[in-house]
Amino acid sequence: MAYQFEITKTEHPKAKPDQANLDFGTLFTDHMFIMDYEEGKGWFDGRIVPYGPLAMDPASTVFHYGQEMFEGLKAYKTKADKILLFRPDRNAARMNASNDRICMPIIDEALTLEAIKALVKVDSDWIPTAPGTSLYIRPFVISTEAFLGVRAAKQYKFIIIMSPVGAYYKGGLAPTKIYVEDEYVRAVSGGTGFAKVGGNYAASLKAQQKAYAKGYAQVLWLDGVERKYVEEIGTSNAFFVIDDEVITSPLTGSILPGITRDSVLTLLKKWGIKVSEKRLTIQEVADASKDGHLKEVFATGTAAVISPVGELGWMNQSYIINAQQIGPISQRIYDTLVGIQTGELADEFGWTVEV
Ligand code: COI
1 MAYQFEITKT EHPKAKPDQA NLDFGTLFTD HMFIMDYEEG KGWFDGRIVP YGPLAMDPAS
61 TVFHYGQEMF EGLKAYKTKA DKILLFRPDR NAARMNASND RICMPIIDEA LTLEAIKALV
121 KVDSDWIPTA PGTSLYIRPF VISTEAFLGV RAAKQYKFII IMSPVGAYYK GGLAPTKIYV
181 EDEYVRAVSG GTGFAKVGGN YAASLKAQQK AYAKGYAQVL WLDGVERKYV EEIGTSNAFF
241 VIDDEVITSP LTGSILPGIT RDSVLTLLKK WGIKVSEKRL TIQEVADASK DGHLKEVFAT
301 GTAAVISPVG ELGWMNQSYI INAQQIGPIS QRIYDTLVGI QTGELADEFG WTVEV
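Sequential numbering from 1 applies to the sequence shown in the numbering used here.
Have a look at this one:
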């Protein structure tokens, strides 16, 4: 089915930013997509309008009980001027897993994809092309019903905004210093850890601030029950290279099923590198580091793609990884993923979707 979205163009287009100095997520394009939902009517009136503030009732349940989910994906412009999205079908599917977990209505995945494409087309001249830049696309759903009782709302908005971005971490691919968090936890099985809901991120801020205050860039989360298994790094999935094996946490409900995570697993398997989705304790990581077996640690996510870790801080001890240099596996994955995303490398997995 082909979807038609009414388009209202802005009369006040903004000046485009300097591509050499793009931060992450501070500037927004000229337009946004909005669609409404009402119980009994379903989703309706998908439209593209000038980017701007929303007028909302202060009793809207999102402000009180946090029915909110978001996604993140990127658009790239190739040298031949084609626009590519990276595995957007995965975002559309994960969006519904998140919607379902917090009792928000699911959205036809084909519609989500068409809405993203339509908005990217309207603001296509906002896609930066300097190395390390992209157009970050942020679809999200909020509950808008004005009601103070606690139950799933009957009205929602699905919105997509976009932001031309540079590197997520200021230092780009420079290895980061990560604090192993042993007080706060991010998620437990049965909770919302696998869903991309705002509440997970609000709950993570305290630990992030603690890490910043100690001079670290992010936290490494341990599991919420035994507090000994490594789970995620900040808002990203975590990978550990011990000898010739690459290890990441299995998807047991507390881990976000990252699209970059899945792509990394696929690439490693294709390259004949041993990969395991298995639980790994922080003690095993520390021992491997002491014995010289810990070769690389890296985080994966849409925003940062690959973020190498140069140092782990745990129990007042510092573990230096690969002499604080990016390792060969991290570098190869980064080059390959970005190469595919930007159309510089052949896409043998059929991951990119042309707009
Ligand atoms: C991602 O890297 O995919 C993220 O979710 C980061 C985002 C919260 C900025």
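Note that beta-carbon positions come from the ideal geometry of N, C-alpha and C, so glycine has one too.
Since this is a predicted model, take the numbers as computed values, not measurements.
Query: Start and end of the beta strand (DSSP E) containing ASN237?; Result: 236 to 242
Query: Quick one: residues with CB closer than 5 Å to any heavy atom of the ligand COI, in chain order, please.; Result: GLY72, THR235, GLY301, THR302 and ALA303
Query: In this structure, how does DSSP classify ASP386 when only helix, strand and coil are distinguished?; Result: Shown here, the chain extends from 1 to 355; a query on residue 386 therefore has no answer.
Query: How close, in whole Å, do the beta carbons of GLU232 and ILE255 come, if the pair is a contact with beta carbons under 8 Å?; Result: 6 Å
Query: Compare the beta carbon distance of GLY198 and GLY66 with 8 Å and say whether it is the shorter of the two.; Result: yes
Query: Does the beta-carbon distance from GLY272 to LYS295 come in below 8 Å?; Result: no
Query: In terms of DSSP beta bridges, what is VAL230 paired with?; Result: LEU222
Query: Would you say PRO164 and TRP126 are within 8 Å of each other, going by their C-beta atoms?; Result: yes
Query: Could you pull out every residue in the same chain whose Cβ sits closer than 8 Å to the Cβ of GLN208, ignoring the five residues on either side in sequence?; Result: GLN218, VAL219 and GLY234
Query: At what residues does the alpha helix (DSSP H) containing TYR334 begin and finish?; Result: 328 to 341
Query: Pick out whichever of ASN237, HIS31, LYS274 and SER134 has its Cα sitting closest to the Cα of ASP123.; Result: HIS31
Query: Leaving aside the five residues before and after THR342 along the sequence, list all residues of the same chain whose C-beta is less than 7 Å from its C-beta, in chain order.; Result: TYR76 and THR78
Query: Expressed to the nearest angstrom, what Euclidean distance is found between the alpha-carbon atoms of PHE33 and TRP314?; Result: 44 Å
Query: Starting from the Cα of ILE48, find the closest Cα among ILE116, ILE333, ALA2 and PRO175 and give me that residue.; Result: ILE116
Query: Just checking: is the beta-carbon of ILE326 within a distance shorter than 8 Å of some beta-carbon in chain D?; Result: In summary, chain D is missing from the structure at hand, where a single protein chain is found.
Query: In the DSSP assignment, the beta strand (DSSP E) including LYS89 goes from what residue to what residue?; Result: With the sequence shown as reference, residue 89 is identified as Asp, and Lys is not the correct amino acid for it. Run containing ASP89: none in the beta strand (DSSP E); it sits in the alpha helix (DSSP H), 88 to 101.
Query: State the DSSP-derived secondary structure class of PHE158, mapped to helix, strand or coil.; Result: strand
Query: With a Cβ-Cβ cutoff of 8 Å, do TYR319 and SER289 count as a contact?; Result: yes
Query: How close, in whole Å, do the beta carbons of ALA195 and MET104 come, if the pair is a contact with beta carbons under 8 Å?; Result: Contact doesn't hold; Cβ gap of about 10 Å is too wide.
Query: Give me the Cα-Cα distance between ASP376 and ASP287, rounded to the nearest whole angstrom.; Result: With the chain covering only 1 through 355, there is no way to say anything about residue 376.
Query: What did DSSP end up calling THR352 once you bin it into helix, strand or coil?; Result: strand
Query: Specify, as a first and last residue, the run of the beta strand (DSSP E) that GLY313 falls within.; Result: 305 to 314
Query: If I'm right that PHE158 touches MET56 with Cβ under 8 Å, what's the distance once you round it to whole angstroms?; Result: Rounded, the Cβ-Cβ distance is 14 Å, inconsistent with contact.
Query: In the DSSP assignment, find the unbroken beta strand (DSSP E) run with TYR319 in it and report its ends.; Result: 317 to 320
Query: Would you check if the distance between the CB atom of LEU113 and the CB atom of ALA92 is smaller than 8 Å?; Result: yes
Query: When the Cα of ALA152 is compared with those of ILE102, PHE140 and LEU173, which residue comes out closest?; Result: ILE102
Query: What are the boundary residues of the alpha helix (DSSP H) that ALA203 is part of?; Result: 198 to 213
Query: Report the residue from ARG332, THR302 and LYS214 whose alpha carbon sits nearest the alpha carbon of LEU268.; Result: ARG332
Query: Quick check on THR29: buried or exposed, where buried means 16 or more other Cβ atoms within 10 Å of its Cβ?; Result: buried
Query: Select from GLY339, GLY171, GLY193 and THR176 the residue whose C-alpha is nearest the C-alpha of LEU251.; Result: GLY193
Query: Nearest to LEU345 by CA position, among GLU38, ASP335 and ASP108, is which residue?; Result: ASP335
Query: Checking the sheet assignment: what are the DSSP bridge partners for HIS31?; Result: PRO50
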